[in-house]
Amino acid sequence: MPTIQIFDRALCCASGVCGPQVDPELVQFAADLEWLRAQGHRVVRFNLAQQPAEFAQHAAVTRLLKESGPTCLPLVFADGQLVSRDTYPTRQQLVRFLPESTNIVPAGSTPLSALQILDPGCAPGSGCC
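For the sequence shown, my numbering begins at 1 and goes up steadily by one.
Dropping the structure here:
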């Protein structure tokens, strides 16, 4: 199974799904990543605000940040290859980065309650933001 790596812009918490004004695009993206995990894929997500060392240690990320600044974020890599930049890919786009045998997208999305699995520390009232 390929590894998907996401290098996020600076977010207030690991998933970006917290705070007073939750971005619906981040909610959907988090659900789509959880769906990939449920399919057995390895998904690793790095937050510029919380894990800057991960950005500095990845040569392609460092180069892109020097060339374009943080506007190039998010960056998405599949098995080390850059597959998306500047925007969060949809579930349909994410599955295109995977081997043909996994390119089946079920109808519907992961329920919002599943997002607690992604970042239980950012539950409402947790004080993470």
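Each residue gets a CB set at the ideal place from its N, CA and C atoms; glycine is no exception.
Residues near F46 by beta carbon distance below 8 Å, same chain, minus five either side: Sequence index remark: in the sequence shown, residue 46 carries index 46 (1-based). The residues are Q5, I6, F7, D8, E54, F55.
Delimiting residues of the beta strand (DSSP E) encompassing R85: Counting from one through the sequence shown, the residue named residue 85 turns up at place 85. 81-85 is the extent of the beta strand (DSSP E) around R85.
For L75, the residue or residues it bridges with in DSSP: Numbered from its first residue, the sequence shown carries residue 75 at position 75. F7, R85, per the DSSP bridge assignment.
Three-way DSSP call (helix, strand, coil) for V22 in this model: Within the sequence shown, the letter at position 22 stands for residue 22. Three-state result, V22: coil.
Residue interval of the beta strand (DSSP E) (run including F97): Position 97 of the sequence shown, counted from the first residue, corresponds to residue 97. Run containing F97: none; DSSP gives neither H nor E here.
Short Cβ contact (8 Å threshold) for L94 with A60: Within the sequence shown, residue 94 is the residue found at index 94, counting from 1. Within the sequence shown, residue 60 is the residue found at index 60, counting from 1. Contact: no.
DSSP three-state assignment for V17, whether helix, strand or coil: Within the sequence shown, the letter at position 17 stands for residue 17. Residue state, collapsed to three classes: coil.
Residues that S46 bridges to, as DSSP identifies them: For the purposes of this step, residue 46 is identified with residue 46 of the sequence shown, where counting begins at 1. Here residue 46 turns out to be Phe, not Ser, going by the sequence shown. DSSP, once it has assigned bridges, lists F7 as partnering F46.
Contact set for R63: own chain, Cβ-Cβ below 7 Å, skip 5 residues either direction: Position 63 of the sequence shown, counted from the first residue, corresponds to residue 63. If we look at R63 and ignore the five residues flanking it on each side, it has no Cβ neighbours.
Beta-carbon proximity list for V17, same chain, < 6 Å, skipping 5 on both sides: As a working note, residue 17 is residue 17 in the sequence shown. Excluding residues within five positions, the ones whose Cβ falls inside 6 Å are L26, V27, A30, L115.
Close beta carbons around H41, own chain, < 8 Å, minus the five adjacent residues each side: Position 41 of the sequence shown, counted from the first residue, corresponds to residue 41. The answer, listed in chain order, is M1, P2, T3, I4, L98, T102.
Under 8 Å between C-beta atoms of P70 and Y88: The sequence position of residue 70 within the sequence shown is 70, counting from 1. The sequence position of residue 88 within the sequence shown is 88, counting from 1. No.
Burial state of S84 (16 or more Cβ within 10 Å): Residue mapping note: residue 84 aligns to position 84 of the sequence shown, counting from 1. Buried: at least 16 other Cβ atoms inside 10 Å.
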